[in-house]
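Note sheet for the following structure.
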Amino acid sequence: MLTLEHDRLVVRFPEVHADAHCTIEFQRTLRIPDDNRVHGLPPGLGTFPLFHVDDYASKLPAHWAGHGGVFLPMYQAEAMWIRFSSRYPFAVKIATGKINAVSGEAWTPQLQSTAHLGANDRSGYMQSISSLQQTSTKGAQDYVTIPDQPWLDGFNVGNGQIRQFVAMPLGDGYTVEEQITGKAIHGGLQLIVYPLDPRYYTPPRAVTRGFLGGLSNGYPGDMMIASASYACSNSLSLNASAESAQMGLAPGGLMKQEVFADRHGISKWDQSHSAKCFVHLLNSQQFEQVTGRRPPTEAPTAANYTRAGLPWYDYYAENLRAVPGSEKLRKLDSVAALGNKKGAQPLPENAPVGAVNTIMLSKKAPNEVRDGFF
Amino acid sequence: MTHFGSFLRETREALQASEGRSFSLRQVAARVGIEPAYLSKIERGEVPPPSEATIARLADVLRQDSDLLLGLAGKVSSELQDIILKRPQLFASLLRELKDAPEHAILNVVREVRDGQW
């Protein structure tokens, strides 16, 4: 079952195992410079507020009610990352505009993987990612596994890199969906979650029972934003379709992040149990009109954040191998690159960042700092 | 030692054992925004449980559900109080109806995110 609690999606399969629950949340963050340099992990600035589509169906695009699910507000050119928390293993497929964010292929609900790693494959599994093929062929693993994958910040383009999820109005041509299919139909973000077959589950040694609780009052990142001398221009070069309430995700700047290979093997996932959700992205400009609430303030620019001395992050997970990047996703234009081709300025600013203060996170406690309060 | 305090201490020490010094008394207190001595007293039950906001921060740092920690502290979150007070008869009746129900029956009345066609 899938519920919405404290702005988090909570997936539970009590019929599979008492521990089979996980949370998925959508973190507000900085948009990293879209300049073809490879950047570190930006911070979490608090979760985006989430709402049931059904509660505001009459004010939302008509077809959203047919999708069901939830929605959250995003500004044009705002970035996000997805945080996963669980101790029970899950496989999660993620798509934007019904294009898989790991493989670049069209959405299918079933998990796909050409090769999986059993106990006999350990030596292969341990090999350095540098010796692996860097872009995938059709049929490669098209999902992430948690808790190995603590977060996903963007589209899997290979070489241990992703291109950041950046919201753009559906219809302007920047989203991955539009660049791959030539059509602006779905937008938003789609998820399906499968639990591990409980026969293969070994509870972790440390007993830290329960799923993640958290703070849900206000927008925590706002505190930090005030101290980071926030300044962001609203003078975007928009065309008429910016009136659209519907947003999709487009490829932004390059970030160092790996999509980790499934160390369980595809046959170990219980694909007879699943929970899926359509996460709609509502343009923040329409958010107050729909909900009567103010949207979160805009995130600080990466340059201002860095100038304020606030930290960036790096993540190191030994013994985890990365899946190859998607050739289809790698070939797409980033928002800035496509803007140049169109003679437009889709990003309100894209200033480079200077020297950054980087904090190394480990696999042991990936979420401990990155989503902190500043 | 109160159950609330002992639960906090056991949880923190389990995290410290598995994940190291970032879950020391001092570091947890720093992330929660309270003095280490105060956290120590809370864990030993020498002072009453802290405010709702502090309990919520403790829950976040110790990766626990805030409603669970509030319950152990003998509190109900102000958010839940507001929900009940908006429709007191309805929720009083609902809670009485469900008080002895097994967990799976209660989960059946929890609102799920509706999935449609896409």
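From first to last, the protein sequence lines stand for chains A and B. Going by numbering that gives the first Met the number 0, the letters in the first sequence line up with residues 0 to 373, in that order. Going by numbering that gives the first Met the number 0, the letters in the second sequence line up with residues 0 to 117, in that order. We put the beta carbon where it would ideally sit given N, CA and C, even for glycine. Just so you know, these numbers come straight off a predicted model, no measurement behind them.
Around the C-beta of residue 105(B), fewer than 16 other C-beta atoms lie within 10 Å, and the residue is accordingly described as exposed. Separation of residue 102(B) and residue 78(A) (C-alpha to C-alpha, rounded to the nearest whole angstrom) is 38 Å. Within the segment 39-83 of chain B, the complete alpha helix (DSSP H) runs of at least 4 residues fall at 51-60, 65-71. What residue 111(B) touches in chain A, judged by beta-carbon distance under 8 Å, is 0, 1, 2, going in chain order.
With fewer than 16 neighbouring CB atoms inside 10 Å of its own CB, residue 84(B) falls in the exposed class. Residues of chain A whose Cβ lies closer than 8 Å to the Cβ of residue 106(B) are, in chain order, 0, 11, 13. Contact annotation, residue 28(B) with residue 14(B): C-beta distance approximately 14 Å; criterion of less than 8 Å not satisfied. Its chain contains 252, 335, 349, 351 as the residues whose beta carbon lies nearer than 8 Å to that of residue 34(A), once the 5 sequence neighbours on both sides are disregarded; these appear in chain order. For residue 30(B), same chain residues with a beta-carbon under 7 Å away, outside a window of 5 residues either side, are 60 in chain order. Taking a cut-off of 8 Å on C-beta distances, the segment 56-74 of chain A touches the segment 108-117 of chain B, as three or more cross pairs fall below it.
Each residue's CA atom was taken as its position, placing residue 294(A) and residue 18(B) some 36 Å apart. Per DSSP, residue 3(B) is one residue of the alpha helix (DSSP H) stretching across 2-18. Taking residue 280(A) as reference, the option from 301(A), 355(A), 60(A) with the minimal CA-CA separation is 60(A). In the DSSP assignment, residue 65(A) falls within the unbroken alpha helix (DSSP H) covering 63-66. Taking a C-beta distance under 7 Å as the contact criterion, residue 49(A) and residue 3(A) qualify as a contact pair.
Setting aside the 5 residues that flank it on each side, residue 103(A) is surrounded in the same chain by 325, 327, 328, each with a C-beta closer than 6 Å to its C-beta; the list follows chain order. Taking 7 Å as the cut-off, the Cβ atoms of residue 68(B) and residue 2(B) do not count as close. Per DSSP, the unbroken alpha helix (DSSP H) holding residue 283(A) starts and ends at 283-290.
Note on geometry: alpha-carbon atoms of residue 90(B) and residue 24(A) lie some 28 Å from one another.
Taking a C-beta distance under 7 Å as the contact criterion, residue 31(A) and residue 178(A) do not qualify as a contact pair. Taking 9 Å as the upper bound on Cβ-Cβ separation, chain B lies near no residue of the segment 24-41 of chain A. Residue 70(B) is outside the set of residues whose beta carbon lies under 7 Å from a beta carbon in chain A.
Residue 285(A) and residue 196(A) have their C-alpha atoms some 42 Å from each other.
Pairing residue 26(A) with residue 161(A) gives a Cβ-Cβ distance that is not under 7 Å. Secondary structure at residue 338(A): helix, using DSSP grouped into helix, strand and coil. Taken in chain order, the members of the segment 269-299 of chain A whose beta-carbon sits within less than 9 Å of a beta-carbon on chain B are 274, 275, 276, 277.
Any Cβ of chain A closer than 7 Å to the Cβ of residue 26(B) would place that residue at the interface, and such an atom is absent. In the three-state reduction of the DSSP assignment, residue 81(A) falls in the strand class.
Taking a beta-carbon distance threshold of 7 Å, residue 263(A) does not count as an interface residue toward chain B. Contact annotation, residue 18(A) with residue 299(A): C-beta distance approximately 38 Å; criterion of less than 8 Å not satisfied. Secondary structure of residue 101(A) (DSSP, three-state): coil. In the same chain as residue 4(B), and ignoring 5 residues on each side of it, the C-beta atoms closer than 7 Å to its own belong to 41, 42, 43, 44, in chain order.
Here the segment 84-92 of chain A does not lie against the segment 181-188 of chain A, with fewer than 3 beta-carbon pairs under 8 Å apart. For residue 69(A), the enclosing beta strand (DSSP E) covers residues 69-73. Using a Cβ-Cβ cut-off of 7 Å, residue 53(A) is close to 113 of chain B, given in chain order. The shortest CA-to-CA distance from residue 111(A) to any of 260(A), 12(A), 296(A), 317(A) is the one to 260(A).
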